[in-house]
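Report on the structure given below.
Number of protein chains: 2
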Amino acid sequence: MAKSPDISKKAIALHKKLGGKIRIVPAQTVKNRADLALVYTPGVAAVSTLIAGTKQTKKPLEEQQQLAREYTVKKRLIAVISDGSAVLGLGNIGPYGALPVMEGKAALFKAFGDVDAVPIVLSTQQTDEIVETIINIAPAFGGINLEDFAAPQCFEIEARVKEALNIPVMHDDQHGTAIAVYAALLNAAKVTKREFRKMRVVISGAGAAGTAIAKLLLLGGVKDILVLDSKGVINKRRKDLNLFKQELATITNPMGVEGDLSKALGGADAFIGVSAPNSMTSDQVKLMDTHPIVFALANPIPEIMPEDALQGGAAIVATGRSDYPNQINNSLVFPGVFRGALNNKVSKITDEMKLKAAQNLAALVKHPTAEKIIPGPFEKGIAKAVAKAIK
Amino acid sequence: MAKSPDISKKAIALHKKLGGKIRIVPAQTVKNRADLALVYTPGVAAVSTLIAGTKQTKKPLEEQQQLAREYTVKKRLIAVISDGSAVLGLGNIGPYGALPVMEGKAALFKAFGDVDAVPIVLSTQQTDEIVETIINIAPAFGGINLEDFAAPQCFEIEARVKEALNIPVMHDDQHGTAIAVYAALLNAAKVTKREFRKMRVVISGAGAAGTAIAKLLLLGGVKDILVLDSKGVINKRRKDLNLFKQELATITNPMGVEGDLSKALGGADAFIGVSAPNSMTSDQVKLMDTHPIVFALANPIPEIMPEDALQGGAAIVATGRSDYPNQINNSLVFPGVFRGALNNKVSKITDEMKLKAAQNLAALVKHPTAEKIIPGPFEKGIAKAVAKAIK
Numbered sequence: 000m001a002k003s004p005d006i007s008k009k010a011i012a013l014h015k016k017l018g019g020k021i022r023i024v025p026a027q028t029v030k031n032r033a034d035l036a037l038v039y040t041p042g043v044a045a046v047s048t049l050i051a052g053t054k055q056t057k058k059p060l061e062e063q064q065q066l067a068r069e070y071t072v073k074k075r076l077i078a079v080i081s082d083g084s085a086v087l088g089l090g091n092i093g094p095y096g097a098l099p100v101m102e103g104k105a106a107l108f109k110a111f112g113d114v115d116a117v118p119i120v121l122s123t124q125q126t127d128e129i130v131e132t133i134i135n136i137a138p139a140f141g142g143i144n145l146e147d148f149a150a151p152q153c154f155e156i157e158a159r160v161k162e163a164l165n166i167p168v169m170h171d172d173q174h175g176t177a178i179a180v181y182a183a184l185l186n187a188a189k190v191t192k193r194e195f196r197k198m199r200v201v202i203s204g205a206g207a208a209g210t211a212i213a214k215l216l217l218l219g220g221v222k223d224i225l226v227l228d229s230k231g232v233i234n235k236r237r238k239d240l241n242l243f244k245q246e247l248a249t250i251t252n253p254m255g256v257e258g259d260l261s262k263a264l265g266g267a268d269a270f271i272g273v274s275a276p277n278s279m280t281s282d283q284v285k286l287m288d289t290h291p292i293v294f295a296l297a298n299p300i301p302e303i304m305p306e307d308a309l310q311g312g313a314a315i316v317a318t319g320r321s322d323y324p325n326q327i328n329n330s331l332v333f334p335g336v337f338r339g340a341l342n343n344k345v346s347k348i349t350d351e352m353k354l355k356a357a358q359n360l361a362a363l364v365k366h367p368t369a370e371k372i373i374p375g376p377f378e379k380g381i382a383k384a385v386a387k388a389i390k
Numbered sequence: 000m001a002k003s004p005d006i007s008k009k010a011i012a013l014h015k016k017l018g019g020k021i022r023i024v025p026a027q028t029v030k031n032r033a034d035l036a037l038v039y040t041p042g043v044a045a046v047s048t049l050i051a052g053t054k055q056t057k058k059p060l061e062e063q064q065q066l067a068r069e070y071t072v073k074k075r076l077i078a079v080i081s082d083g084s085a086v087l088g089l090g091n092i093g094p095y096g097a098l099p100v101m102e103g104k105a106a107l108f109k110a111f112g113d114v115d116a117v118p119i120v121l122s123t124q125q126t127d128e129i130v131e132t133i134i135n136i137a138p139a140f141g142g143i144n145l146e147d148f149a150a151p152q153c154f155e156i157e158a159r160v161k162e163a164l165n166i167p168v169m170h171d172d173q174h175g176t177a178i179a180v181y182a183a184l185l186n187a188a189k190v191t192k193r194e195f196r197k198m199r200v201v202i203s204g205a206g207a208a209g210t211a212i213a214k215l216l217l218l219g220g221v222k223d224i225l226v227l228d229s230k231g232v233i234n235k236r237r238k239d240l241n242l243f244k245q246e247l248a249t250i251t252n253p254m255g256v257e258g259d260l261s262k263a264l265g266g267a268d269a270f271i272g273v274s275a276p277n278s279m280t281s282d283q284v285k286l287m288d289t290h291p292i293v294f295a296l297a298n299p300i301p302e303i304m305p306e307d308a309l310q311g312g313a314a315i316v317a318t319g320r321s322d323y324p325n326q327i328n329n330s331l332v333f334p335g336v337f338r339g340a341l342n343n344k345v346s347k348i349t350d351e352m353k354l355k356a357a358q359n360l361a362a363l364v365k366h367p368t369a370e371k372i373i374p375g376p377f378e379k380g381i382a383k384a385v386a387k388a389i390k
């Protein structure tokens, strides 16, 4: 990447200077005994009793949770939790390596969505322990953003935590990505004059993001979807699939296509890469339908560089990078999703909310063009538009 | 308590208005792509790699932890953790009732010690689960303040977490209280012209606070200590003691005293109450040595009201209340302890540090008098003085 060594040096220096990218500040000054009596003892005891009742006559748990969402940080606090098993493109580097990313995410939560978020990184990568730990620490939080958990464990972890808690839980690598991709694809279809639901979409990558994108597109009515893992197109004949890929084989690939990426791309309307750098060529773009859509989202080095995709005939190219047009980034999504969930005291983020969020995000681009199918991260009103969908 | 209903109403209204007593703010603004590239991707990847190495060549865990204490929030973030099993005087009201207290504590951490602290409340009260959960979430934190865990489980929980982690772990109800009491007692001995180590000290209450006070006084060289639980003086002949009280029976009560509070108080120099409201009378104060010291710390209603203690002949009276002289409060201690631990990258808080912290706190009162044996919570330099001891 251009200037990457320079950015690396600057980033390291900044992190050293800051020593942590977030700060905790009191919402109310504590300057004298009168403040202390309200913020802490004895006044706080009245709030504790209001929420919980007394030890003899405790209020029902559900009622306590609702009251905590009015009178405590549970009203506003999101936990950004990772086990460090799939951090950025760096892979399984563990909790300490994951921490700067989670802090960064907490900073973006505030900057983009006015959401208070705290980073939590786990010293375990055992699914049962992860699930138990997250459930055990949930009471103080109004929502849980799971982040950088590796597939396929991420699917079970999210499902179990979501089932156990009545606060919104979202694995952002799955659903944040899927919502952003869906929004961009809606506008890309519009620009290339395609009927969204009738597109043939090829998704390269069957991990957290690829799986969630496939499922959200299916929910939105797209029927002809092929998903590839490193062994090729996922289909019912393959014997090497884990449970989650077996499910993909059942719900995608209605024609039973077999083979590699080139085979899959024949006549495809759209390619969505959430896989590996430099894994696609211009010649492969030429195999697609005319004026195809190419989302090469591997980051920082995409499946195919935009100039090469365009040379292969792509009508629209999107990446995860800020130095090319059409940056598809989760930061368009997660601040608004949790802002909306908190505003509306939502207990689960449903499929319908995700679809609506994608539609709202797409609609922010009034007149989509080939170089503008998705808002830039610093445009106004993004989190607000997404938040409106989460209710 | 005077005006208590009024304080309760005001506290409830304030908590409703605030919806959480802390906020999370970015340490660095994120206003444009250049900011984003340093705080988040791609720049953050360099910091992650600096800390963790790569997935192929991970750095040793110890080295990762040290680097995280320089480049991440681990440098500054304290978790204030409770299971809600012993909240204030309210007892076992659970995590939701505990949350406003933990938030308040987080606010005080910042106000008094410039320490960034986040409240975590647990939905489990099982010792094994608590220990595992705290260990699992520890990587993001530079220290753990355990709070309002009930005795005797609190002893095992603290010991096991402390053993497992190489960041400071302190159960404040034990050690924060013990340090504050020790400091006040040092000055009370000075004012009443007693030799500190030769005092006979009676501690009413054998829970978290009473046990820790007894142990810290022993460490400081006080030899004649009696501890009482609800059944009377703890001694080796009693058959009803749990493991922790059996230990107290071994290390205190060298004369093998048996009996109730009145029996224990005969000739005592100091009484320290960390037990139940209204559990001591003026007549019992009269049983003590002349000019005795009375710390009645049950809160908000003390073991004996100051006016009654004085009537019984007490030379010095301290309580946990802000509306009487000599308020002994943990807020004098915990912000400084963790400020010092963070400043000096301390991995364990040792007994020596606690003693030194108490001495530093006592020394802040240049000329102790009967009505001034301990600094008020809003005096300057308290956290700094305590912090100097934690290295």
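Those sequence lines, one after another, are chains A and B. Residue 0 is where the first sequence starts when you use numbering that gives the first Met the number 0, and the numbers rise one by one after that. Residue 0 is where the second sequence starts when you use numbering that gives the first Met the number 0, and the numbers rise one by one after that. We put the beta carbon where it would ideally sit given N, CA and C, even for glycine.
From the listed residues Asp288/B, Pro324/B, Phe337/B, the smallest Cα separation to Leu264/B is found for Asp288/B.
Taking the CA atoms as reference points, Phe337/A sits about 46 Å from Lys355/B. One finds nothing in chain B with a Cβ atom closer than 7 Å to the Cβ of Arg338/A; even the nearest lies about 14 Å away. The beta carbon of Gly142/A does not come within 8 Å of any beta carbon belonging to chain B, so the residue lies off that interface.
Taking one beta carbon from each stretch, the stretch 101 to 111 of chain A and the stretch 52 to 67 of chain B have fewer than 3 pairs nearer than 8 Å; the two do not touch. Looking at the backbone, the Cα of Ile77/A and that of Leu217/B are separated by about 44 Å.
Neighbours of Gly204/B in chain A, taken as residues at a C-beta separation under 8 Å, are lacking, since the least C-beta distance is about 18 Å. By a beta-carbon distance limit of 8 Å, Tyr95/A does not contact Gln55/B. Their separation comes to about 16 Å.
Annotation: the continuous beta strand (DSSP E) that includes Arg22/A extends over 21 to 25.
Below the 8 Å Cβ cutoff, chain A contributes Gly93, Tyr95, Gly96 as neighbours of Gln63/B, in chain order. With a threshold of 16 other beta carbon atoms within 10 Å, Ile381/B meets it and is buried. When 7 Å is used as the limit between beta carbons, Lys15/A is near these residues of chain B: Glu69, Tyr70, in chain order.
Shown here for Arg199/A: same chain residues with a beta carbon closer than 6 Å to its own, the five before and five after excluded, namely Asp223, Ala267, Asp268 in chain order.
Here Asp34/A carries a helix assignment [DSSP, helix/strand/coil]. Chain A has a Cβ within less than 8 Å of the Cβ of Gln27/B.
For Gln326/B, the three-state secondary structure derived from DSSP is strand. Taking 9 Å as the Cβ-Cβ cut-off, the stretch 46 to 61 of chain B approaches chain A at Val46, Ser47, Thr48, Leu49, Ile50, Ala51, Gly52, Thr53, Lys54, Gln55, Lys57, Lys58, Leu60, given in chain order.
CA-to-CA, the gap between Leu360/B and Ala308/B works out to about 25 Å.
Residues of chain A with a Cβ closer than 9 Å to the Cβ of Glu246/B do not exist; the shortest Cβ-Cβ separation is about 28 Å. Annotation: Thr126/B to Ala149/B spans about 11 Å, alpha carbon to alpha carbon.
The three-state secondary structure of Ala207/B, taken from DSSP, is helix.
Secondary structure at Ala314/B: coil, using DSSP grouped into helix, strand and coil. Contacts between Ile166/B and chain A, judged by CB atoms closer than 8 Å, are missing: the closest CB pair is about 12 Å apart. Look at Phe377/B: its C-beta is under 8 Å from a C-beta on chain A. With a 10 Å radius around the Cβ and a threshold of 16 neighbouring Cβ atoms, His170/A comes out buried. Of all residues in the stretch 102 to 132 of chain B, the ones placed with a Cβ closer than 9 Å to any Cβ belonging to chain A are Glu102, Gly103, Lys104, Ala105, Ala106, Leu107, Phe108, Lys109, Ala110, Phe111, Val114, Asp115, Ala116, Val117, Pro118, Ile119, Val120, Leu121, Ser122, Thr123, Glu128, Ile129, Glu131, Thr132, in chain order. Here Glu155/A has Thr126 as same chain residues with Cβ atoms under 7 Å from its own Cβ, once five neighbours each way along the sequence are excluded.
Chain-ordered, the chain A residues with CB closer than 7 Å to the CB of Ile11/B read Ala45, Val46, Leu49. Cβ-Cβ distances below 8 Å link Ile348/A to Pro167, Val168, Met169, His174, Val336, Ala340, Ile389 in the same chain, with the five nearest sequence neighbours on each side left out; the list follows chain order. Secondary structure remark: continuous beta strand (DSSP E) runs of at least 3 residues inside the stretch 168 to 199 of chain A, in chain order: 168 to 170.
Fully enclosed beta strand (DSSP E) runs of no fewer than 3 residues occupy 115 to 120 of the stretch 78 to 129 of chain A, in order along the chain. Contact annotation for Tyr39/A against chain B: Val100, Gly103, Lys104, Ala106, Leu107, Ser330 [CB-CB distance below 8 Å, chain order]. Here Thr318/B has Phe294, Ala295, Leu296, Asn298, Pro301, Pro305, Asn325, Gln326, Ile327 as same chain residues with Cβ atoms under 8 Å from its own Cβ, once five neighbours each way along the sequence are excluded. Per DSSP, the continuous beta strand (DSSP E) segment holding Phe270/B begins and ends at 269 to 272.
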